[in-house]
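**Student:**
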Amino acid sequence: MKPRFYRYRLIFLFFSLMFIFAGCSSHDKKPGSFDKWKTLAKTSQPVSPVHKRDIGKLESTPLNNGLIKVTTTPSVPEILPEKEMQLPAMPVTIRMHTVSVPVVLRTLARIANINILLNDTISGMADIDVKNVPWDQAFLSLIDAYGLAYEWSGQILRVLTVKDLNIKKALLEARQDFEQSKKNHAVAMSKIKKKQELLEPLLTKIIKIHYADLKVLQSNLDLYLKGDKKKSEDENSTDETIALSGSILIDEFSNSLIIHATKSDIDKIMPIIYELDKPIKQVRIEAHIVEANSDAARELGIRWGGVGTSTNSNDRVTSIGGDMSAVSGTSLKNINGVDTAYDPLAGTIANLPIASTTGEGMVLGLLTEKIGSFRLFAQLSALESKGAINIISRPSITTMDNRKAIIKSGQDVPFQTITDGEVTIEFKEAVIKLEVVPHIINDNIIKLEIVTHKDELDWTHPVNGNPTVITKNAETMVTLFDGQTTVIGGLNKEKHTDGEAGVPGLKDIPGLSWLFKSTNKANEMEELLIFITPYILKEQNYSKKPVN
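Okay, so the sequence shown: first residue is -9 according to our numbering, each after it adds one.
(1) What number of angstroms, rounded off, separates the C-alpha of Lys184 from the C-alpha of Leu211?
(2) For Thr194 and Ile248, which I take to be in contact (beta-carbon distance under 8 Å), what is that distance rounded to the nearest angstrom?
(3) With hydrogens ignored, establish whether the beta-carbon of Thr88 is closer than 7 Å to any heavy atom of the ligand HEM.
(4) Would you mind reading off the limits of the beta strand (DSSP E) that contains Ala116?
(5) Would you tell me roughly how many angstroms separate the C-alpha atoms of Glu425 and Ile415, rounded to the nearest one?
(6) Let me check one thing: in DSSP terms, what residues is Asn456 bridge-paired to?
(7) Just confirm the distance between the C-beta atoms of Phe471 and Ala277, as a whole number of angstroms; I'd bet it's less than 8 Å.
(8) Put Leu147 into one of helix, strand or coil per three-state DSSP.
(9) What first and last residue would you give for the beta strand (DSSP E) that runs through Ser386?
(10) What residues in its chain sit with their C-beta under 8 Å from that of Leu207, if we drop five residues either side in the sequence?
(11) Assuming Ala116 contacts Val82 (C-beta within less than 8 Å), just tell me the rounded distance between them.
(12) What separation, rounded to the nearest whole angstrom, lies between the Cα atoms of Gly400 and Thr466?
(13) Do the CB positions of Asp445 and Thr458 come within less than 8 Å of each other?
(14) Which residue or residues does DSSP assign as beta-bridge partners of Ile199?
(15) Please look up how many angstroms separate the CB atoms of Asn456 and Gln406, rounded, as I've assumed it's under 8 Å.
(16) What are the partner residues of Lys418, as DSSP defines its beta bridges?
(17) Buried or exposed, going by whether 16 or more other CB atoms sit within 10 Å of the CB of Asp134?
(18) May I ask which residues mark the beginning and end of the alpha helix (DSSP H) holding Tyr136?
(19) Glu281 to Met260, Cα distance in whole Å?
(20) Report yes if the CB atom of Gly492 is closer than 8 Å to the CB atom of Thr523, and no otherwise.
(21) Can you check which of these residues, Pro78, Lys394, Leu447, is closest to Lys418 by C-alpha distance?
(22) Please identify the residue among Leu150, Val427, Ile146, Pro494 whose C-alpha is closest to the C-alpha of Thr442.
(23) Note down the Cα distance separating Val177 from Lys158, rounded to an integer number of angstroms.
(24) Take the Cβ of Ile526 as the centre, count every other Cβ of all protein chains shown within 10 Å, and call the residue buried at 16 or more, exposed below.
(25) Between Gly236 and Thr252, what straight-line distance do the alpha-carbon atoms span, to the nearest angstrom?
(26) What does a CB cutoff of less than 7 Å around Asp154 pick up in its chain, not counting 5 residues either side in sequence?
(27) Can you name, in chain order, every residue of its own chain whose Cβ lies under 6 Å from the Cβ of Gly489, other than the five neighbours on each side?
(28) Excluding the 5 residues flanking Asp391 on each side, which residues of the same chain have their C-beta closer than 8 Å to its C-beta?
(29) Can you check which of these residues, Val403, Thr389, Val91, is closest to Ile397 by C-alpha distance?
(30) Determine the DSSP secondary structure at Gln166, reduced to helix, strand or coil.
(31) With C-beta atoms as the reference, is Trp142 less than 8 Å away from Pro78?
(32) For Asn283, does the three-state DSSP call read helix, strand or coil?
(33) Rank Leu519, Thr97, Ile238 by C-alpha distance to the C-alpha of Leu204 and give the top, closest one.
(34) What are the start and end residues of the beta strand (DSSP E) that includes Thr509?
(35) Let me check one thing: in DSSP terms, what residues is Ile430 bridge-paired to?
(36) Who are the near neighbours of Leu130 in its chain, counting only those whose CB is closer than 8 Å to its CB and skipping five residues on each side?
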């Protein structure tokens, strides 16, 4: 029997070591279906467009048919006013006798290499003898001696008599007075025109609105007319009060504006209505919502003990580490030779099994042969579990330019509250919500305002039996090209659990700690990636049938 007994012990020891090494080993993570979405998230990065447009100055010209023509004038770079030129300060030496003043001035200009313009009224003879004198001092001394003045005209130094300078100033003042009189005349004519408009009869015009929001358009036009009249009042600064006349009403049944105003006011707002009541471009927004939940757990446990019989002074049977009650199991003969059944798992010296109660995993046990009046048993159990859930949804929605689109997916969770003995059930949303507002910049570039919202039920911290709601939000604004994809990530949760239980003191013995402890390791991960791709819908000719 002994060879068989030792063989069983060796087999048990071999499998025990396999269990221990398996519980301590780590597995390389294999790529899953979620990895391709992670790779796509790294490559789906937006870029900034390059500014190439030159708007320039917009000029609007009303046409006879009530339309408005907008033309663009290329912008001219702004020219900053140049600083006044300074006279040269270089040293100069000059000696001239009985020469005309214009000749002396031209000689000084040639020495300094500057452009000079002389008035034909400059005359007189001059004698000049200077040595190493700054140029500006020589020049100013000369013009002061002969009653002259100078001014810069760009890069040209102009010299003229004081009389000519006064005539020029008088002409400038006369021109300014003329411009002011023209402005006063225009103001007076504007006052007369406004008063004439007040005497105009009020006309009624019904305009069918096709695309614009009726109420918003009515409000904007009303503010435009009031603002235009108020501006005219402020500019005219008259003591008379000009009463506002006319009104703009809406008819929702026919989706029309009823304008009751003067002809001049109607002529002003008709081009505006034409520009605002246009088809609004539309954007199709496609989203890929990829949600991955994965968990991995590994447990290793041990149970061991023994049972034996002995007779005390009163001839009573006792057990050590086992239950001698009559239950199913392997029998032992007591001291009197009577069979007594026992269950090795009913009482153990070290009882550290795995946490699973469903019978999953693998169990290895050993029951030795009789060693005197004592028998030993041991049981090793191990469980490794993995789970993965990938949820991929591809919602698509079409919205107008500058209009919000909402995509929402989730559930309504009931919450129970008790007030004065009355039970009330309320429902709250636990959803993944995506809000996108597109702004079309041109036919190829679009700006998106994105708001993401994720609710998650947390049952680990309930309140009155109701779960708490964990909320995660992300808000951004991004510029994309038509058909380009952007990704929103970071709405993730990762949980690591590393537990150990065992016999105090014994579980810390190097090399033998596995006999007195059980281990439990678990990893849980939730990842969420949202891919958003906008498409600007192309315009279609009304003469053709729509294509589905």
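Beta carbons are placed, not taken as given, at the ideal position from N, Cα and C, and that holds for glycine.
**Tutor:** Reading it off the structure:
(1) The residue given as residue 184 occupies position 194 in the sequence shown. The residue given as residue 211 occupies position 221 in the sequence shown. Going from the Cα of Lys184 to the Cα of Leu211 covers about 19 Å.
(2) Against the sequence shown, residue 194 aligns to sequence position 204. Against the sequence shown, residue 248 aligns to sequence position 258. Indeed they touch by this definition, with Cβ atoms about 7 Å apart.
(3) The model on display carries no ligand, and the ligand HEM is accordingly not part of it.
(4) Locating residue 116 in the sequence shown gives position 126, counting from the first residue. Residues 115 to 124.
(5) Stepping through the sequence shown from its first residue, residue 425 is reached at position 435. Stepping through the sequence shown from its first residue, residue 415 is reached at position 425. Cα to Cα, the separation comes out at about 29 Å.
(6) For the purposes of this step, residue 456 is identified with residue 466 of the sequence shown, where counting begins at 1. Bridge partners of Asn456: Val453.
(7) The count along the sequence shown starts at 1 and reaches residue 471 at position 481. The count along the sequence shown starts at 1 and reaches residue 277 at position 287. So it is not a contact: roughly 17 Å between Cβ atoms.
(8) Locating residue 147 in the sequence shown gives position 157, where the first residue counts as 1. If DSSP states are grouped into helix, strand and coil, Leu147 belongs with the strands.
(9) In the sequence shown, counting from the first residue as 1, residue 386 sits at position 396. Taken as a continuous stretch (DSSP letters only), the beta strand (DSSP E) holding Ser386 covers 386 to 390.
(10) Locating residue 207 in the sequence shown gives position 217, counting from the first residue. The answer, listed in chain order, is Ile199, Leu247, Ile263, Leu266, Asp267.
(11) The count along the sequence shown starts at 1 and reaches residue 116 at position 126. The count along the sequence shown starts at 1 and reaches residue 82 at position 92. At roughly 15 Å, the Cβ-Cβ gap does not stay under 8 Å, so Ala116 and Val82 are not in contact.
(12) Here residue 400 refers to the residue found at position 410 of the sequence shown. Here residue 466 refers to the residue found at position 476 of the sequence shown. Distance between the alpha carbons of Gly400 and Thr466 is about 22 Å.
(13) Residue numbering aside, residue 445 sits at position 455 when the sequence shown is read from its first letter. Residue numbering aside, residue 458 sits at position 468 when the sequence shown is read from its first letter. Result no, Cβ atoms of Asp445 and Thr458 do not sit closer than 8 Å.
(14) Within the sequence shown, residue 199 is the residue found at index 209, counting from 1. According to DSSP, which records beta bridges pairwise, Ile199 is partnered with nothing at all.
(15) Taking the first residue of the sequence shown as position 1, residue 456 is located at position 466. Taking the first residue of the sequence shown as position 1, residue 406 is located at position 416. Right, their Cβ atoms sit about 6 Å apart.
(16) Locating residue 418 in the sequence shown gives position 428, where the first residue counts as 1. BP columns for Lys418 point to Val403.
(17) Here the question's residue 134 lines up with position 144 in the sequence shown. Classification of Asp134: exposed, given that the 10 Å Cβ count is below 16.
(18) On the sequence shown, position 146 is the one that residue 136 refers to. Premise fails: Tyr136 is in no alpha helix (DSSP H) and is neither H nor E.
(19) Here residue 281 refers to the residue found at position 291 when the sequence shown is read from its first residue. Here residue 260 refers to the residue found at position 270 when the sequence shown is read from its first residue. Rounded to the nearest angstrom, the two C-alpha atoms are 52 Å apart.
(20) Counted from its first residue, the sequence shown places residue 492 at position 502. Counted from its first residue, the sequence shown places residue 523 at position 533. It is not a contact, given that the beta carbons lie outside the stated cut-off.
(21) Stepping through the sequence shown from its first residue, residue 418 is reached at position 428. Answer by Cα proximity: Leu447.
(22) On the sequence shown, residue 442 is found 452 positions in, with the first residue counted as 1. When each option's Cα is compared against that of Thr442, the closest is Val427.
(23) Mapped onto the sequence shown, residue 177 falls at position 187. Mapped onto the sequence shown, residue 158 falls at position 168. Looking at the two C-alpha atoms, the distance is approximately 29 Å.
(24) Your numbering for residue 526 matches position 536 in the sequence shown. Ile526 should be labelled buried.
(25) Translated into the one-based positions of the sequence shown, residue 236 becomes position 246. Translated into the one-based positions of the sequence shown, residue 252 becomes position 262. In a straight line, the C-alpha of Gly236 is about 7 Å away from that of Thr252.
(26) Taking the sequence shown and counting its residues from 1, the one referred to as residue 154 is at position 164. Same-chain partners within the cutoff: Asn109, Thr111.
(27) Taking the sequence shown and counting its residues from 1, the one referred to as residue 489 is at position 499. Cβ within range, chain order: Asn510.
(28) On the sequence shown, position 401 is the one that residue 391 refers to. Cβ neighbours of Asp391 beyond the five flanking positions: Ile270, Lys271, Gln272, Val273, Pro428, His429, Ile430.
(29) Taking the sequence shown and counting its residues from 1, the one referred to as residue 397 is at position 407. The shortest C-alpha separation from Ile397 is found at Thr389.
(30) Looking up residue 166 in the sequence shown gives position 176. Helix.
(31) Residue mapping note: residue 142 aligns to position 152 of the sequence shown, counting from 1. Residue mapping note: residue 78 aligns to position 88 of the sequence shown, counting from 1. Cβ distance not < 8 Å, so Trp142 and Pro78 don't count as in contact.
(32) Start at 1 with the first residue of the sequence shown, and residue 283 comes out as number 293. Residue state, collapsed to three classes: strand.
(33) On the sequence shown, position 214 is the one that residue 204 refers to. When only C-alpha atoms are compared, the closest one is Ile238.
(34) Sequence index remark: in the sequence shown, residue 509 carries index 519 (1-based). Looking at the DSSP string, the run of the beta strand (DSSP E) that includes Thr509 is 507 to 526.
(35) What you label residue 430 is simply residue 440 of the sequence shown in a count that begins at 1. The partner list for Ile430 (beta bridge, DSSP) reads Ile436.
(36) The residue you call residue 130 lines up with position 140 of the sequence shown. Once the five neighbours on either side are set aside, the close Cβ partners of Leu130 are Leu77.
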